[in-house]
């Protein structure tokens with residue numbers, strides 16, 4: 001998957017939330033409030049929460065989640081090794097199918113590293 005493909009998935013998330021925000025404003029507003037409250041730094045840092053979200057996205061087999069939370073974790077200061085380790089924890093908990101979802105994780109890491117010239 002090329003960088004553009006990763007960006008397409010991220011754009012799809014944005015478009016879905018925009019559409020649902022218009023069609024179901026109360027539900028999306030409630031979800032957004034819950035999201036902001038949950039992601040507020042309390043006992044866990046944003047980096048830690050994004051690593052957890054990434055692992056759950058891998059365990060659930062959600063490519064959109066993997067791309068989004070890879071991006072957010074990197075922005076929060078996570079290192080590629082931490083992303084892979086979070087992915088391996090997901091595999092430990094969810095089994096072999098989760099292992100295959102490390103493919104989009106690796107592709108997302110590579111894509112975001114290219115984007116930032118790393």
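Residue numbers (the UniProt record's numbering): 1 to 118.
All C-beta atoms in this analysis are idealised placements derived from N, C-alpha and C, irrespective of residue type, glycine included.
Does the Cβ of residue 71 have 16 or more other Cβ atoms within 10 Å, making it buried, or fewer, making it exposed?
buried
Any contact between the region 54–69 and the region 34–43? By contact I mean 3 or more CB pairs, one from each, below 8 Å.
no
Return the first residue and the last residue of the alpha helix (DSSP H) that residue 70 is part of.
63–75
With a threshold of 6 Å on Cβ separation, who are the neighbours of residue 77 within its own chain once the five nearest residues in sequence on each side are excluded?
47
Count the other C-beta atoms from every protein chain shown that fall within 10 angstroms of the C-beta of residue 160, then say buried if there are 16 or more, exposed otherwise.
Any property of residue 160 remains undetermined from this structure, which presents the chain solely from 1 to 118.
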